[in-house]
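Participant: Using our numbering, the first residue of the sequence shown is number 38, and each one after it goes up by one.
Provided herewith is a single structure, encoded as structure tokens, for subsequent inquiry.
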Amino acid sequence: MDWNLIPTLEALLTERSVSGAARRLGLSQPAVSHALARLRRQFNDELLVRQGSANVLTPFAEQLASSTRDAVDALATVAASSSEFDPTTSSRTFTLAASDYAQAVLGNGLLAAIHATAPRATVSFVAPFSDLFATNEAIIDSTDGWFAPREMLPGRPHGGSVTDKWVCVVASDHPTVGSTLTLDDVRTNPWVAPTIRGNPLRLHLDGLAAHGIEPTIETTTETFTAVPFLVAGSRRIGILQQSLAELLAPSAAVRILECPWPVQPLQLTFWWSSKRESDPGHAWLRTLVTGYLDALDSPDAVGVPEQAPRPAD
Numbered sequence: 038m039d040w041n042l043i044p045t046l047e048a049l050l051t052e053r054s055v056s057g058a059a060r061r062l063g064l065s066q067p068a069v070s071h072a073l074a075r076l077r078r079q080f081n082d083e084l085l086v087r088q089g090s091a092n093v094l095t096p097f098a099e100q101l102a103s104s105t106r107d108a109v110d111a112l113a114t115v116a117a118s119s120s121e122f123d124p125t126t127s128s129r130t131f132t133l134a135a136s137d138y139a140q141a142v143l144g145n146g147l148l149a150a151i152h153a154t155a156p157r158a159t160v161s162f163v164a165p166f167s168d169l170f171a172t173n174e175a176i177i178d179s180t181d182g183w184f185a186p187r188e189m190l191p192g193r194p195h196g197g198s199v200t201d202k203w204v205c206v207v208a209s210d211h212p213t214v215g216s217t218l219t220l221d222d223v224r225t226n227p228w229v230a231p232t233i234r235g236n237p238l239r240l241h242l243d244g245l246a247a248h249g250i251e252p253t254i255e256t257t258t259e260t261f262t263a264v265p266f267l268v269a270g271s272r273r274i275g276i277l278q279q280s281l282a283e284l285l286a287p288s289a290a291v292r293i294l295e296c297p298w299p300v301q302p303l304q305l306t307f308w309w310s311s312k313r314e315s316d317p318g319h320a321w322l323r324t325l326v327t328g329y330l331d332a333l334d335s336p337d338a339v340g341v342p343e344q345a346p347r348p349a350d
């Protein structure tokens with residue numbers, strides 16, 4: 038077995054496409070196609086097969102997936118133990134799992150902070166709740182880190198924290214909602230609800246049960262950034278993070294209103310796999326990321342940073 042093929046195999050099994058694996062590895066598609074052909078001969082298995090409009094793993098490839106991830110981690114650990122990380126010269130790609138909310142609100146400032154010290158580094162943002170990751174643990178194990186709520190992965194390494202407030206949004210010209218959103222407005226108007234893996238995110242709506250209200254969910258969406266635009270020009274009410282609402286409200290023509298019931302603020306933190314803790318490059322990354330989150334946090338809700346803080350020398 039050519040060990041140089043292991044990272045390519047892991048990328049193919051994770052991305053389930055030649056083009057996706059090529060982007061992840063920074064290689065050309067012909068190079069990855071050639072590697073796939075070699076791997077098929079090596080294992081005497083197709084590994085990836087077409088099913089409808091998508092590629093799926095063969096049963097044998099499904100069995101390989103977890104052990105291949107472990108092999109890549111082991112290779113990374115060996116490499117890390119014998120080398121130092123110099124951010125000023127590194128061209129490493131860091132893969133970060135982040136929702137569209139986290140990318141929109143934190144991404145630009147975070148990139149500025151990273152590239153202030155590591156100008157040649159690349160950051161690849163991936164959606165955490167995609168078909169690539171079957172579980173929360175898979176997200177952590179397959180990336181360099183995940184921006185997720187503080188309660189998401191108890192027992193896993195994490196650091197940094199930034200707080201954001203949940204707010205409601207309604208169309209600027211909503212026919213019945215005035216300057217203050219009331220519980221009666223909540224009861225009588227339909228809702229837009231974000232979803233995670235197809236299930237409406239109810240954490241912020243369940244508090245309405247104490248008031249005898251079961252919100253009418255008329256529309257669901259897999260992205261937070263779509264919420265204001267699905268609300269615009271309608272009777273619908275949406276809920277999302279204050280910093281994202283403030284970013285999108287002008288272009289979506291919506292108003293931001295206080296929720297008329299108590300909603301626990303969102304506490305976003307950075308999670309990573311314990312397998313990466315001995316990696317000098319990852320140590321640099323997590324120190325920068327956690328410091329960046331802590332620098333943004335305050336007793337009030339987070340806003341969109343005007344300028345990224347530069348990492349300490």
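Just so it is clear, CB atoms sit at the ideal spot from N, CA and C, and this is done for glycine as well.
Going by alpha carbons, who is nearest to HIS195 out of VAL204, ARG87, LYS312 and ALA158?
Facilitator: LYS312
Participant: Among THR219, SER90, LEU147 and THR154, which one has its Cα closest to the Cα of THR126?
Facilitator: THR154
Participant: Alpha carbon to alpha carbon, how far is LEU305 from ASP181? Give it in angstroms, no decimals.
Facilitator: 16 angstroms
Participant: Identify whether PRO156 lies in helix, strand or coil by the three-state DSSP scheme.
Facilitator: coil
Participant: Looking at ARG129 and HIS211, is the spacing between their C-beta atoms short of 8 angstroms?
Facilitator: no
Participant: Can you list the alpha helix (DSSP H) stretches of 4 or more residues lying completely in the region 43 to 119, in chain order?
Facilitator: 43 to 52, 55 to 62, 66 to 80 and 96 to 118
Participant: Taking the CB atoms as reference points, tell me whether LEU281 and GLY275 lie closer together than 8 angstroms.
Facilitator: no
Participant: Thinking just about the alpha-carbon of each residue, which of VAL207, THR105, ILE177 and HIS248 is nearest to the one in TRP228?
Facilitator: VAL207
Participant: So what does DSSP say about PHE184, is it helix, strand or coil?
Facilitator: Strand, per DSSP.
Participant: So, at 8 angstroms on beta carbons, what are the nonlocal neighbours of ALA139 in its own chain, with the 5 sequence-adjacent residues on each side left out?
Facilitator: PHE184 and LEU305
Participant: On the DSSP letters alone, give me the boundaries of the alpha helix (DSSP H) that SER288 sits inside.
Facilitator: 279 to 289
Participant: Kindly indicate the opening and closing residues of the beta strand (DSSP E) around TRP321.
Facilitator: Here TRP321 belongs to no beta strand (DSSP E); instead the alpha helix (DSSP H) covers 317 to 333.
Participant: Buried or exposed for GLN278, please, with buried defined as at least 16 other CB atoms from any protein chain shown within 10 angstroms of its CB.
Facilitator: buried
Participant: By alpha-carbon positions, which one of ARG61, ASP137, LEU294 and LEU285 ends up nearest to LEU220?
Facilitator: Closest option to LEU220, Cα to Cα, is LEU294.
Participant: Quick check on LEU303: does DSSP put it in helix, strand or coil?
Facilitator: strand
Participant: Note down the Cα distance separating SER119 from PRO317, rounded to an integer number of angstroms.
Facilitator: In this prediction, SER119 scores a pLDDT of 46, lower than 50, which makes its location untrustworthy; the coordinate-derived value is nonetheless stated afterwards. The alpha-carbon atoms of SER119 and PRO317 are separated by roughly 10 angstroms.
Participant: Check for me: the beta strand (DSSP E) holding PHE131 runs from which residue to which?
Facilitator: 130 to 134
Participant: Per DSSP, PHE162 forms a beta bridge with which residues?
Facilitator: DSSP lists LEU133 as partners of PHE162.
Participant: Taking the alpha-carbon positions, what's the THR262 to ASP334 distance?
Facilitator: 22 angstroms
Participant: Assuming the contact rule is C-beta atoms closer than 8 angstroms, LEU50 and LEU94 should be a hit. Round their C-beta distance to whole Å, please.
Facilitator: So it is a contact: roughly 6 angstroms between Cβ atoms.
Participant: Could you check where the alpha helix (DSSP H) with VAL268 kicks off and where it finishes?
Facilitator: 264 to 268
Participant: What do you reckon, are the CB atoms on GLU259 and THR217 nearer than 8 angstroms?
Facilitator: Their beta carbons are not under 8 angstroms apart, which means GLU259 does not touch THR217 by this criterion.
Participant: Do you know whose CA, among VAL160, THR253, GLU47 and LEU147, lies nearest THR105's CA?
Facilitator: GLU47
Participant: Going by the beta-carbon positions, is the gap between PRO165 and ILE176 smaller than 8 angstroms?
Facilitator: Yes, they are a contact pair.
Participant: Comparing alpha-carbon positions, which option in ARG292, TRP298 and ALA320 lies nearest SER209?
Facilitator: ARG292
Participant: Between LEU330, SER56, LEU76 and ASP243, which has its C-alpha nearest ALA91's C-alpha?
Facilitator: SER56
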